[in-house]
Amino acid sequence: MAHLVTLDRETARRVTTEVLADLHGEWDALVDSGSPASVARRSVLSAALGVVTRHGTRTPATGPTAEATTEAWSWSEAPSPDDESVAALVPVLLTAAPLERAVLAASALWDAGADETADLLGMPAGPVRDAESAVRTRLLAAHTGARAALGWAPAEWLLDRDLTEAVDVVLRGHDDPPDPAELVGTRRRELRRRSLVLGGAGAVSLGALGVWAVREVGRGAASGQVAATPGPSDPVWRSTATWPARGRLANDAGVLDMVRTISPTSRVLFADDLPARRVVVARAGGGDETSTVVRLWTGPQDAGPNELMEIPLLRDRVAFSDDVVPVVVPPPPQAGLPDLLLLARPSVLVAEYSRWVTYARGGDVSRRWTEAQLRDGVARVPISYPVSPALRVRLGGYDGAPVGATVPGLGLPDLAAPLADSLVTALGPFVAACTGLAPSSLRHTVVLEKSVPGDILEQGRYPGTGGQVVVVETQLPNGALLRSVRAAGDGPEPRRRVDLETLRPIPVESSGHPFAVRLAGFRATTGRFLVLAPGAARAQLTAVASNVYPTSKVTSLVEGAGVLDVVDARFASVYRLVLWGPSGERLGAWRQVFRRGDPRDLWTRPW
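Counted the way this note's numbering counts, the sequence shown spans residues 773 to 1379.
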């Protein structure tokens, strides 16, 4: 396994030896727990992938190369399609990314699927499935091409069989895998001899290693504790509520006292110096078992606990996960960049982050991802300033926005400015920060600005009054359209302003079409929707699915605007908006989707 992942025999032997030796002391307990094989597999695979991710893949010193392999497989003067197909797969294996080889190795040697491999690596299943799909696409193309060159039809059903043989070819010419017991025994004898030679000086040197070192890893930097920490399989890593603190200041009495002032059950997760500042991350006491509430302090390097300042976090909860903490650390006051600090259990070796979101003309949303390597479950990645409100992280099983001080929305509007002006002014820098585009490349158009009769925001509180609404479409350089809707509520000045939609991607052909937007609910059983349809006199919303019945009454509109009530609206998310003209003629129907997803693609689930 380690050999196929690293493509280097000596590295594979060293990694396997260290992992098995580390597990040797707890092997009896693993046997009693009934999971020795899975723990060993997880540890070997994670360690091998971690080594090759940090240091890269060396060209194999022995064994087949991509060029020599094809000739080596010419077993007869009349080439066999099976032989040529296997030969064509070897270069793909040798040039595959480390994660791709890990997935293939787990499949070929352990018969493990992508989801099982992701669990072994402590990674979300998505990136592992993507890696498997990408490498298998290339393997199938090479397999099909080799058969086609000999006049044979594609045979996708033979790919797995030929892939197993290609793995054998990559490992051919090397000795059989060493005996695990012998590896552990050899290592223990070597360590015993070294301790006899080093004596007291060795003990001093080993003691000096109990510090945190910050070093560059890939695009970012990672902190790794050289002193012994609980192994990746230790139960303490299952929840941040039991994590051991990490960092050079992890056991600093002043830091511990500062964190305990929040509550006796709060605990330090990380305390160390990052470039130009000192950082303390803690888990606040209490809370539920499915999330972590984070507290953050920063200050100058070498600052004492009383000199550290707590940073108010506008987003302070890691939702849906209690075993990872991605947090944005603001830049120092004088200069520098913010940091994305990733904290996870030591078995998590790779994370991904995406700073910006990309919108397409058809309304689709996509992202480009960057890998960050973790060392002992910690990584630091400098990011650009200002921090993007669309920053998203994949870390362990978590997939969403990091905690931090980033404003999650457009921020407080200027109550003194006209409604349309306040929205356009806020959209420019916000869209630029979410997409990475220059503000000057964006074009904002006010497509609708009007009064709305009835209680638009505060039902029944100010009888006889109405609200105002403005709709702005933002066109990106690629032609994509984003719709934003801001409303001003009822009642006396200053009127409260609420963003009903922000950066909702819409197909270009939907520009100017009538639409409905959900309003804040006032009764648990009834949904309220604002309809904006210039030229229409009446409107109705009806659920599309045949097995649900939510529908509104046919409601009169005033100058194409009105509020519709739908009983039991929560039972449907896709509706049809039907409109009639002043003379009773049916104007048409438009599909409306009201799933509560985030237009910035920050979450993989509705919220």
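Yeah, the Cβ is synthetic: ideal placement off N, Cα and C, and Gly gets one too.
Please report the distance separating the alpha-carbon of residue i from that of residue j.
i	j	result
G945	R781	Confidence in G945 is poor, its pLDDT being 45 and thus under 50, which makes the residue's placement unreliable; the coordinate value appears in the next sentence. Going by the C-alpha atoms only, they are around 11 Å apart.
E872	A890	12 Å
A1031	F1366	It should be noted that the sequence gives Val, not Ala, for residue 1031. About 42 Å.
V989	P1072	In this prediction, V989 scores a pLDDT of 30, lower than 50, which makes its location untrustworthy; the coordinate-derived value is nonetheless stated afterwards. Computed Cα separation, rounded: 24 Å.
S1160	L1046	21 Å
V1303	V1270	16 Å
T1012	L1041	8 Å
S1324	L931	55 Å
R785	A812	15 Å
N1023	S1282	59 Å
F1343	R1268	30 Å
P1104	T1033	25 Å
S1355	P1286	18 Å
T1062	D1094	5 Å
E747	A1123	Residue numbering for the chain in the displayed model covers 773 to 1379; residue 747 lies beyond these limits and cannot be assessed.
L1167	D1006	19 Å
Can you check whether the CB of residue j is closer than 7 Å to the CB of residue i?
i	j	result
V1065	A1043	no
L1121	L1146	yes
R1348	T1314	yes
L1351	A1305	yes
G1169	R1117	no
L1199	T1246	yes
T788	A880	no
A1192	V1218	yes
G1307	G1332	yes
L817	P870	no
P1174	P1098	yes
V1242	E1221	yes
T1130	S1138	yes
W733	T1207	The structure shown does not extend to residue 733, since the chain spans only 773 to 1379, so no value can be given for it.
P1211	A1204	yes
L1112	V1100	yes
S1038	G1019	no
What residues in its chain sit with their C-beta under 6 Å from that of residue i, if we drop five residues either side in the sequence?
i	result
V864	R910, L911 and A914
T1298	D1337 and V1339
V907	A868 and E872
Which residues mark the beginning and the end of the alpha helix (DSSP H) in which residue i is found?
i	result
L1163	First-last for L1163: undefined, no H or E at that position.
R910	A897 to A921
T889	A886 to L893
W882	P870 to W882
D1337	First-last for D1337: A1333 to V1339, but that is the beta strand (DSSP E), not the alpha helix (DSSP H).
T936	L931 to L943
L1028	A1025 to R1032
For residue i, report the span of its beta strand (DSSP E) as first-last.
i	result
T1274	R1269 to I1278
Y1170	Y1170 to G1172
What are the partner residues of residue i, as DSSP defines its beta bridges?
i	result
P1190	In DSSP, P1190 forms no bridge with anything.
F1366	DSSP output for F1366 lists no bridge partner at all.
S1223	Q1240
H775	Note: H775 sits in no beta bridge, so no partner.
Y1131	V1137
Q1312	V1350
Q1145	V1122
F1092	In DSSP, F1092 forms no bridge with anything.
H1216	T1246
L1302	V1289 and V1335
P1098	L1114
In its own chain, which residues sit with a C-beta less than 7 Å from the C-beta of residue i, not counting the 5 before and 5 after it?
i	result
A897	A886, D887 and A890
P1371	T1274, L1275, R1276 and P1277
G1251	R1133 and V1280
A860	A914, H915, G917 and A918
A774	A784, V787, T788, V816 and A820
R1255	V1243, E1245, E1273, R1276 and I1278
Mind checking whether the beta-carbon of residue i lies closer than 6 Å to any heavy atom of the ligand SAH?
i	result
V1129	This structure lacks the ligand SAH; in fact it carries no ligand of any kind.
State yes or no: is the beta carbon of residue i nearer than 7 Å to at least one beta carbon in chain D?
i	result
S857	Protein chains in the displayed structure number just one, and chain D is not present.
Suppose the cutoff is 8 Å on Cβ atoms and the five residues either side in sequence are ignored; what does the same chain contact list for residue i look like?
i	result
R965	Because the pLDDT at R965 is just 38, under 50, the model does not fix this residue reliably, and the point stays unresolved.
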